[in-house]
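One structure below.
Residue numbers (our numbering): 87 to 375.
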């Protein structure tokens, strides 16, 4: 097994990711609204919701690509944005953009990123990962000749070249065939056999339930559902994402994030992402966790 230089261990903390009051604005639009979310180490979390819900924005903040407008976020106890350089050593990202260089070969791309992350033997690491993602026979082909699915396989290899403990997957199944999808499960385990902490966004709800321990649903930047993946059936999950109100038997009230703890009395119910999820009356106020 190739030696990988592991990043210096994060500050001792039970949380891989910890966000409090996290807000991100683009002009007058709020992509995230006072988001509170803690993710323990080794958890596999699916972040779901309709387009524009804030899923990608949250992952991009964790990946240090976007700065929050307000609130606090720490990754492995490292505070953002002040410790962004240290956070990057602990995070691997697969996004809509592959972050690959079209004019370089598959091998050259992995060599570049291996050297960037100071992997001890980047050539051997590149060979290992090319074999693992099924691209050994295309190692010396330029990336511009690859199909979208093959580029996504290589992007998966790039994301784990430094063996990060946290893996961010933003709709990673784009263009992948069945064999490629199986890579997602295999690459969620690091070189020592330990589960990585995985944050996954996808519109494929069955796959989200299959790959995750926990499901969080966002709408307009606010959390409206936070449940164990074993506690939500596919139909209920789909209806919540579409904005339909589930019955009390399907989802206990304590699991619904009504109004996302609005910060002022005037905001208490105004602009809630899914008004039809609100229960009759205001007796629940903002006390629901």
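Backbone N, C-alpha and C define an ideal beta-carbon position, used for all residues, glycine too.
Taking only three categories from DSSP, how would you classify residue i?
i	result
residue 230	helix
residue 218	helix
residue 263	coil
residue 244	helix
residue 107	strand
residue 112	strand
residue 318	coil
residue 311	strand
residue 180	strand
residue 342	With a pLDDT of 48 at residue 342, under the threshold of 50, the modelled position of this residue cannot be trusted, and the question is left open.
residue 287	strand
Is the separation between the beta-carbon of residue i and that of residue j shorter than 8 Å?
i	j	result
residue 302	residue 147	no
residue 216	residue 243	yes
residue 285	residue 125	yes
residue 102	residue 252	yes
residue 196	residue 247	yes
residue 300	residue 131	yes
residue 178	residue 254	yes
residue 174	residue 307	no
On the criterion of 16 or more Cβ atoms from any shown chain inside 10 Å, does residue i qualify as buried, or is it exposed?
i	result
residue 183	exposed
residue 137	exposed
residue 320	exposed
residue 140	buried
residue 304	buried
residue 203	buried
In angstroms with no decimal places, state the Cα-to-Cα distance between residue i and residue j.
i	j	result
residue 161	residue 312	20 Å
residue 290	residue 219	22 Å
residue 104	residue 192	35 Å
residue 221	residue 282	23 Å
residue 298	residue 314	9 Å
residue 109	residue 170	18 Å
residue 323	residue 206	44 Å
residue 263	residue 292	16 Å
Kindly list the residues whose CB is nearer than 6 Å to the CB of residue i, restricted to its own chain and excluding five residues on each side of it in sequence; keep chain order.
i	result
residue 153	167
residue 261	234, 235, 238
By Cβ distance below 7 Å, which residues in the same chain neighbour residue i in space, the five residues on each side in sequence not counted?
i	result
residue 212	193, 196, 197, 200
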